[in-house]
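Novice: Before anything else, here's the structure in question.
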Amino acid sequence: MGKQGAGKGRGGDDAHARRQAIIDGLLADALRPVFHRPPSQDALPPDIRRAIDQLLAKAEAQRSRCLTYDDLEEALPPRDVSAEDLEAIFWILAEHGIEVEDGEA
24 MGKQGAGKGR GGDDAHARRQ AIIDGLLADA LRPVFHRPPS QDALPPDIRR AIDQLLAKAE
84 AQRSRCLTYD DLEEALPPRD VSAEDLEAIF WILAEHGIEV EDGEA
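Numbering-wise (this note's numbering), the sequence shown opens with residue 24 and increments by one.
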């Protein structure tokens with residue numbers, strides 16, 4: 024014999040749905056810091072920090088919340104920049120409300 028009411032009828036379905044919603048919420052909360060944690064600017068290489076500072080200064084001087092990919096290219100160091108470095112640049116710019124787009128700023 025199985026458990027009475029386990030998963031049978033509307034009451035069992037509702038209870039299961041509530042439990043699943045709680046579990047899904049707990050999992051989302053547990054994973055959120057991993058995926059949404061912005062990088063620390065202090066942990067970046069010095070040349071990437073300088074690039075970010077240049078980009079922030081340019082946006083401020085232009086009184087703009089939008090920079091171009093040309094602006095980004097000009098600010099990047101003359102070495103191969105890793106995907107992680109680029110991601111960090113975009114995260115930090117986004118924290119300041121600045122986007123990088125095609126075309127003119």
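Note that CB positions come from ideal geometry on N, CA and C, so glycine has one too.
1) Inspect the CB distances between the segment 117-124 and the segment 96-107 and report whether three or more fall short of 8 Å.
2) Quick check: what's the CA-CA separation for L67 versus A117?
3) Where does A40 land, buried or exposed, given buried means 16+ other C-beta within 10 angstroms?
4) What's the C-alpha gap between P100 and P69?
5) Here's the rule: buried if 16 or more other CB atoms are within 10 angstroms of the residue's CB, otherwise exposed. What is I45?
Specialist: This is what the structure holds:
1) The way I'd put it, the segment 117-124 doesn't touch the segment 96-107; fewer than three beta-carbon pairs between them come closer than 8 Å.
2) Spanning the two alpha carbons is a distance of roughly 16 Å.
3) The residue in question, A40, is exposed, as its Cβ has fewer than 16 Cβ neighbours within 10 Å.
4) Going by the C-alpha atoms only, they are around 10 Å apart.
5) Counting every other CB atom within 10 Å of its CB across the protein chains shown gives I45 a total below 16, marking it as exposed.
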